Structure formats: C-alpha cells, structure tokens
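Scroll down for the structure; my scribbles are underneath it.
Number of protein chains: 2
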Amino acid sequence: MISNKMRDLVNSSSLIRAMFEEGKRLKSIYGPDKVFDFSLGNPNVEPPKEIVTAIHEILDEESPSMVHGYMNNSGYEDVREKIAAYTSEQYNTQVGKEHIVMTCGAAGGLNVLFKTLLNPDDEVIVFAPFFSEYRNYANNHHAKLVIVPSDKTSFQPDLKAFEQHITDKTKAVLINSPNNPTGVIYSHETLEQLSNIIKAKEQEYGHGIFLISDEPYREIVYDNIEVPYLLHYHTNAVIVYSYSKSLSLPGERIGYLVVHPKIEDVDDVMAGLNVANRILGFVNAPSLFQRVIAKTLGVKVDLSVYEKNRNVLYEHLTQLGFGVLKPEGAFYLFMKTPIADDKQFCKDAKAFNLLLVPGSAFGCPGYVRLAYCIAHDTVMNSLPAFEKLWQSYDMK
Amino acid sequence: MISNKMRDLVNSSSLIRAMFEEGKRLKSIYGPDKVFDFSLGNPNVEPPKEIVTAIHEILDEESPSMVHGYMNNSGYEDVREKIAAYTSEQYNTQVGKEHIVMTCGAAGGLNVLFKTLLNPDDEVIVFAPFFSEYRNYANNHHAKLVIVPSDKTSFQPDLKAFEQHITDKTKAVLINSPNNPTGVIYSHETLEQLSNIIKAKEQEYGHGIFLISDEPYREIVYDNIEVPYLLHYHTNAVIVYSYSKSLSLPGERIGYLVVHPKIEDVDDVMAGLNVANRILGFVNAPSLFQRVIAKTLGVKVDLSVYEKNRNVLYEHLTQLGFGVLKPEGAFYLFMKTPIADDKQFCKDAKAFNLLLVPGSAFGCPGYVRLAYCIAHDTVMNSLPAFEKLWQSYDMK
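Protein sequences appear in the order of chains H and F.
Numbered per full-length UniProt numbering, the first sequence spans residues 1 to 396.
Numbered per full-length UniProt numbering, the second sequence spans residues 1 to 396.
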C-alpha cells in the first residue's frame, strides 16, 4: 500500500532501527552504564537557563494570540529583524530581515531551499563523508546527489575532483562546516577556492550555481578556531542554521536561512522560500520558539563537556594507535578503521559494548564515527573497551 | 534561478499578496475598523488559559533535555499514549499509541501521509469546493488532484460523480469536515456511502484506496451537531488532526495523524509515516507543544464569538436576499454571488470595504467565502456594507 520509494526507505531504516534495538538489548543485559553508545548525535548538554526564563517572560508579557498565532510564512518580522542585526554585527555583514527565513530547523530549511531552487534531474554536489539525510532531501525534490571525495588527510574537499564533477546540471553545492561526521572546519582557503571554481563554472555554463552551507554546529568549536563566514566569500550563497545544537533544542525544530543580499534573482528566491515554507506543510517555524530565539541571541550551551570528551578520546585513541582526525568542531570524531571493512569493525566493537557508526553510512568506508555528545563518565569508562578492541586486532 | 514550478507558484502567490496589500492599503485610508476583512482563516479567539498554565508547569516539572530533546520521529511515546486513550474514549474506538503520529499541524500531517502513500501519477480525489493547498500538497509528491463536484444544495459530495471519477490510479480520497470553505459537516449517510463506493472500487481494481479526513475544525461546531468519526465507517482510513483551530495555536504547528488499526499493511504505513516525518525535514512535531497537548486534552477555545458571528451574518445576509448556506461548523460561510463572476463580485465588494475570497480559489466559482473568525463588532459594523453591496446589484 505504501509507495515504492517509501518501501525502500522503510527497509533501509529498519536496519538502523535494528542497530538501535541491539543497543537497547545490550544495555538491558549489561546495564546502561556498561554500554558505550557513541552512535547518536543527540546533544546531552542541557539547554541554557536563559531559554526557560525567556519562555516564562514571553508568556507573561506578550499577547497569546500573537505568540501562538499565524504570521508571514517567513517568520515574525521583529524576530527576523533581530536575527539580521545580530548576524550583521557578529559577522560583519549587512543582511536585513528580508534576507532571513525562519525554518523548522536545518532539515526544514534545506528542504525549503531545495524546493525553491531545484528542477527535477538537477544535480547537488556534496563532499564525502556527508550527513546521509542529504540524499533523501535531494531525492524529495527529484534531484540527483553527486558525491565528491574529500582529501583523506585534511578532510577538506578534494578541489580537483570537485572541478571535474561540476556539470551543466549542477544547481547547488552543499557543504557542512563544522562537519558531521569529521569535526573539520572548512578553512578560509577552502571557501575561497570553492567559490573561485564555482564562479568559473558559472561563466562556462552561463547560469548560477548556489553554494549552500549547512551550519548547525557553527557554535560548537574548540581552541577558538574561527568558522569563516560564507557570505564573505560567495554571492550566490545561502547559510542554513539551526538552534538544535547551539542551544540543545533539537526537538523544537527552530532555525533559519540567511540568503546573500546580492544573490541572483534575490526577490524570486525570497518569494520562493516563503511559498515553499507554506506548501511543503511547514507553514512557518514554530511561533513561540521564534520569539524565544529573538530574546536569547548570543546565548550558547556550555561546551566544556564536549571539549573534555574530545580531548580524552583523541589522546587515548591516538596513543593506542588508531588513526584519528582531531576534531575542530561539532561533537564527532572520525577514525580510520584498522581493517578495511568498517561495518565489520563496528560489529567487532559491539563485542566490547562499543556502539559506533560505520563511515559507509556517510559515503566514506574505512572509517567510523564516534558521537561524543555523551556523559564524560561514559567516555572515561569506555577507554578500556577501546583498548581491548585495538588489542583484538593487534593480536591477529 | 528558482525552479520552473516555483516560478509559477511565486507568480500566483503574488496575486494573493496583492489582495492582502490592497486590504492593508484600504485600512490605512479608511481606518482598520472601517474595513471588513473576511479574507483570512486566522482564529481571533485567544488560546485557552490552560495552555499557558501547562507550559509553565512543564518547564517547572520536567527535564529540559527531555522537553526540548529528540524523540522518536513519530513523537513522544507518553504523548501518543494519552492521545490514543483520549481518542479511544471520546469516539468509542480502539486506537493505540502505535497508530498515532505527531505532526507539524495538519499541513505537515497531509504531506507526511502523501509522501508515505503516493507514487508519481497516482490520483487523489477531492470534492469542490476544497482548500486550495491540497493541490500543492498533491503536487509536492507528483500526484494528480482529481476534482469532483459537490451537490450544490447540500454541499455534501456528489456521489454519482465521485463513482465516475475513481480510476485504477486513484490512491486516496481526501475529505474535509467540518468543511473549509462551506462550513458543512459530512453526514453519517455521506461517510457510509463514500465508504461503500470505495470498497466496491477496491474490489474492482484489486488494490486499496485510502479515505483521508482532514479535520482541523472538528471541535468548531454549532447546535451540538455531531461530526461522525471516520474510523467507524472505513478501514483504509486516516484522520488528519490539528490544534491550530481547536486551541487557537496555528503558529505552533502541532497536530497528529490517527491511522485505522486495521488499515492494509498497517506496519508498513506506520513505519513509512515515521520515515516521512524525518526525511521531509519535519523530523518531529515541536517537542514542547507535544507535551502541552498531552496535558490539555479535552480543552477547547470559547466558541461563543464564532457562533454569534455566524448567526448574525446568516440571518442578515439571508434577509437581504443572498443565497447562503447555514454553516454547521468551522468559521466560514459560503455564499452564492448574485452575479456569475465571483471575482468581479469580490471587486465590487471591495468598493464597500468588504474583503471576501472568490469561490474560484476553492474550485467553485459563483460563490464567495466569508471567514468570520473576526471581532463581533467588525461583523456588526459590516452589515450596512453588505446591504449597500446587495442594493448595488438590485438597482441594476
């Protein structure tokens, strides 16, 4: 009875569910503190106290019909105005409220953007490893995801390969920085070169190519590394932002799009995003949380647990002999598997109660992802398990 | 730069925007209380006080990581359990939490459902007049909207025409009761006959056809008329519900789907809805409001203003000589235009500062919709304008 495409999706999602159920089974046998679940990107740090305060204040001070009511599909004007002002000041740009669209998180934002831009059979380029939902989002709009590898040392995009993969059908290039699953931040040089290559190809093919940056982890960075701001590098650019991670509000579905004020056909793009928000069934980003966001601009979650976890894992795993990329941001660590088969490695890891996600799930076999947005104690307790896992290969 | 389909959508939506801007212009000239805006289905009654109380309580009592965190894509288990129990008791059915999917309002729910069920080129039947977004929702999933007329006296579906429009491609039949724009409630007989016709056609074509009821106005009814509950009539049935109207929370995007427990391939359907919620970018219905809903089951907005508006308008317009259908539910009144051209009638009405929506916008020319979810004073002040409008035709 369900559609053919959905049947395939249900089948593949039941594999993920099986993994999840297996984790639950292990926890019921060994106890939840004896199973080291690095599989989920679900922030464990509490939302900042300012969020609760803001909600109470809004309910006390603002009219309920306004707080919970309809507004323009792009979001409340005053909220967009505040975000635009904050963004302009923070990143030394000049965006106005008319360049902001409030969305149901980054997932909603990307779908609204794709609905606006993509014709069937258009191509969207991503760099492996990439967040696997991008494939579904492109598919929703009958576009084709084109996968370009990253440089295997830096995990910055392989620019030569990128250049070769751009075709007349390329409508958008989607990057994700700080990156899930690698924790890499795309550098100044990367953005500059991506932009140059795209501009040359726009000339060659005679039409625009959008550079889209998905940035839910923008605020989750370590060692004060700066995340370059895309609008300084490229004009046909859109930034997709979400508060799911920066404020630990993933269930509330709140985020926004920032469109470069000089993007080609800016009026059409903005009108299209407004229409897409409506007709895809989002209608608008949840209203109360739009108002909460406007009252808490600049507030961030406490990153100290993520940072401690990153440091401990990086040092310990490196010392053991694993090939680990030191994450600059997000709460993921990407590790080379000592055997080529990353799925087998994950099975082997499970014998030590370690739950990891194979790199294949991100289009990058031979690696695994550890999501370290978990309690620091769990990380500490997992270290002997990683040691045993390493030794199990060393012995062979 | 935007997609071809989106260009058409932007063009047609700019017509609606022009109407809206014209309303704003009139209000700035004549004063907002001298312009009678019956064009928007935006509830003007405040949300019940219980909503604010529930939010404060949840923030005080429940863990922030849980309240604002990720859950299963179908929604919190305890929330779905409470809704299932409430629904089962209220309508004397037996649905479990496994048959409920929390959605971003009814608009989100319909898109999630369509994504799950529809193959490209499948047909979805609706009855004119119908809520115009249905066309976009079908289009999002490359399905075809097939429009069947209603009986022009009762505005119940024309069952004979219905039977003739079902084909081998028909995958779903979408009804909306209480109806936007007519205010009609589909009767016991209508549901029984719709179901019988569908069952016979399922036999003929050898595959299931879903009967979907979009019910955001279920709670907005007058004179204690009962809205029959679809699950008692049909097995391949899904109810799409939203709290936008019953609790005046349209901005919060909260609603749910109820799937008949014995629907064909129930496990696939439920798994598909879960996947669709995720991949369309909704991910889940906003988390705080899921919890609010679970705490306020059975709470409703005060209907007295809507009812007063309905009564005054119905009596006055009928007395003047307009052909008006007495609304049984929702907050819309559907009125025959004294001239055939309903768009011209709306233009004429604007000369008296009356803002109405032509029936053509709902696939039913020769009528107009009045949305009476506005202040009672505005309705009272509009009566002389309707009188002048009527007289302007009488004179000709």
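Ideal Cβ positions, reconstructed from N, Cα and C, are used throughout, including at glycine.
Source: prediction; values computed, not measured.
Along the alpha helix (DSSP H) that carries Y241 of chain H, what are the first and last residues, could you check?
-> Unbroken run through Y241 of chain H is the beta strand (DSSP E), 237 to 242; no alpha helix (DSSP H).
Cβ-Cβ separation, P358 of chain H to Y393 of chain H (assumed contact under 8 Å), whole Å | Incorrect: roughly 16 Å between the Cβ atoms, too far for contact.
Contact list for Y70 of chain F against chain H, beta-carbon separation under 7 Å = Below the 7 Å Cβ cutoff, chain H contributes N42, P250, G251 as neighbours of Y70 of chain F, in chain order.
Using a C-beta cutoff of 9 Å, does Y393 of chain H count as contacting chain F?
-> Not an interface residue.
Can you give, in chain order, each stretch of the beta strand (DSSP E) that sits fully within the region 127 to 162 of chain F and has at least 3 residues?
-> Fully enclosed beta strand (DSSP E) runs of 3 or longer: 144 to 149.
Top-ranked residue by Cα proximity to L355 of chain F, from F:V368, F:C364, F:G363 | A check of alpha carbon separations from L355 of chain F across F:V368, F:C364, F:G363 identifies F:V368 as the nearest.
Mind reading off the beta-carbon distance from S242 of chain H to G105 of chain H? Whole number of angstroms is fine, and I expect it under 8 Å.
-> Yes, S242 of chain H and G105 of chain H are in contact; Cβ-Cβ is about 5 Å, under 8 Å.
Limits of the alpha helix (DSSP H) - the one that D8 of chain F falls within = That run of the alpha helix (DSSP H) goes 4 to 30.
Straight-line Cα distance separating P47 of chain H from G255 of chain F = Cα to Cα, G255 of chain F sits roughly 25 Å from P47 of chain H.
Please state whether DSSP places M270 of chain H in a helix, a strand or coil.
-> Secondary structure of M270 of chain H (DSSP, three-state): helix.
When we look at the beta-carbon of K49 of chain F and count the other beta-carbons within 10 Å, is it buried (16 or more) or exposed?
-> Of the residues assessed, K49 of chain F falls on the exposed side of the cut-off, its CB having fewer than 16 other CB atoms within 10 angstroms.
Nearest to F127 of chain F by alpha carbon, out of F:Q344, F:G109, F:V173?
-> Closest option to F127 of chain F, Cα to Cα, is F:V173.
Starting from V269 of chain H, find everything on chain F with Cβ-Cβ shorter than 7 Å and list it in chain order.
-> Neighbours of V269 of chain H on chain F, chain order: M1, I2.
Check the C-beta distance from L211 of chain F over to L231 of chain F and give it rounded, since I have them as a contact under 8 Å.
-> Between L231 of chain F and L211 of chain F the Cβ distance is about 10 Å, and since that is not below 8 Å, they are no contact.
CB contact flag (N111 of chain F, L288 of chain H, <9 Å) = No, Cβ-Cβ distance for N111 of chain F and L288 of chain H is not below 9 Å.
Buried or exposed by the 16-neighbour rule on C-beta atoms within 10 Å, applied to L15 of chain F | Its Cβ having fewer than 16 others within 10 Å, L15 of chain F is exposed.
Return yes when the Cβ of L325 of chain F is within less than 9 Å of the Cβ of V238 of chain F, no when it is not.
-> L325 of chain F is positioned such that its CB atom lies no closer than 9 Å to that of V238 of chain F.
Look up D122 of chain F in the DSSP assignment and say whether it is helix, strand or coil.
-> Here D122 of chain F sits in coil by DSSP.
Is it right to say Y137 of chain H is buried, meaning 16 or more other beta carbons lie within 10 angstroms of its own, or is it exposed?
-> Of the residues assessed, Y137 of chain H falls on the buried side of the cut-off, its CB having 16 or more other CB atoms within 10 angstroms.
Are the region 50 to 61 of chain H and the region 260 to 271 of chain H touching, with three or more C-beta to C-beta distances below 8 Å?
-> Counting Cβ pairs under 8 Å, fewer than three are found: no touch.
Go through its chain and collect everything with a Cβ distance to E215 of chain H's Cβ below 7 Å, but skip five positions before and after it.
-> Answer for E215 of chain H: S177, I239, V240, Y241, listed in chain order.
Step through the CB atoms of chain H and report whether any lies within less than 9 Å of the CB of C104 of chain F.
-> With 9 Å as the cut-off, C104 of chain F counts as an interface residue toward chain H.
To the nearest angstrom, how far is it from the Cα of L145 of chain F to the Cα of L273 of chain F?
-> When rounded, the distance between both Cα atoms is 21 Å.
F130 of chain F to G109 of chain F span [Cα, whole Å] = Each residue's alpha carbon lies about 17 Å from the other.
With DSSP as the reference, label G298 of chain F as helix, strand or coil.
-> In the three-state scheme derived from DSSP, where H, G and I count as helix and E and B as strand, G298 of chain F is classed as coil.
Are the region 289 to 307 of chain H and the region 316 to 325 of chain H touching, with three or more C-beta to C-beta distances below 8 Å?
-> Segment contact: the region 289 to 307 of chain H against the region 316 to 325 of chain H, fewer than three CB-CB distances shorter than 8 Å; contact not assigned.
Could you tell me whether the Cβ of L15 of chain H comes closer than 9 Å to any Cβ of chain F?
-> Closer than 9 Å: no.
With which residues is P358 of chain H paired in a DSSP beta bridge?
-> Residue pairing by DSSP places P358 of chain H opposite H:V368 in a beta bridge.
Indicate the three-state DSSP secondary structure (helix, strand or coil) for D377 of chain F in the structure shown.
-> DSSP places D377 of chain F in helix when its eight states are reduced to three.
Per DSSP, the bridge partner or partners of E87 of chain F | Just to set this straight, residue 87 of chain F is Thr in the shown sequence, not Glu. As far as DSSP is concerned, T87 of chain F takes part in no beta bridge.
Check the Cβ-Cβ distances between D265 of chain F and every residue of chain H, and say whether any is below 9 Å.
-> With 9 Å as the cut-off, D265 of chain F counts as an interface residue toward chain H.
Spatial neighbours of L26 of chain F within its chain, please: CB distance less than 8 Å, with the 5 preceding and 5 following residues excluded, ordered by chain position.
-> Around L26 of chain F, the same chain offers V35, K350, N353, L355 as residues with beta carbons nearer than 8 Å, after the five sequence neighbours per side are excluded.
May I ask you to list, following chain order, the residues of the region 136 to 164 of chain F that have a beta carbon less than 9 Å from some beta carbon of chain H?
-> From the region 136 to 164 of chain F, only N136, Y137, N139, N140, H141, H142 have a Cβ closer than 9 Å to chain H.
Where D267 of chain H and M66 of chain H are concerned, what is the direct C-alpha to C-alpha distance, given to the nearest angstrom?
-> Cα atoms of D267 of chain H and M66 of chain H: separation of roughly 27 Å, rounded to the nearest angstrom.
Is any heavy atom in the ligand FMN found nearer than 8 Å to the beta carbon of G251 of chain H?
-> Among the ligands in the structure shown, none appear at all, so the ligand FMN cannot be discussed.
Do V379 of chain F and L313 of chain F have their C-beta atoms within less than 9 Å of each other?
-> At the C-beta level, V379 of chain F and L313 of chain F come within 9 Å of one another.
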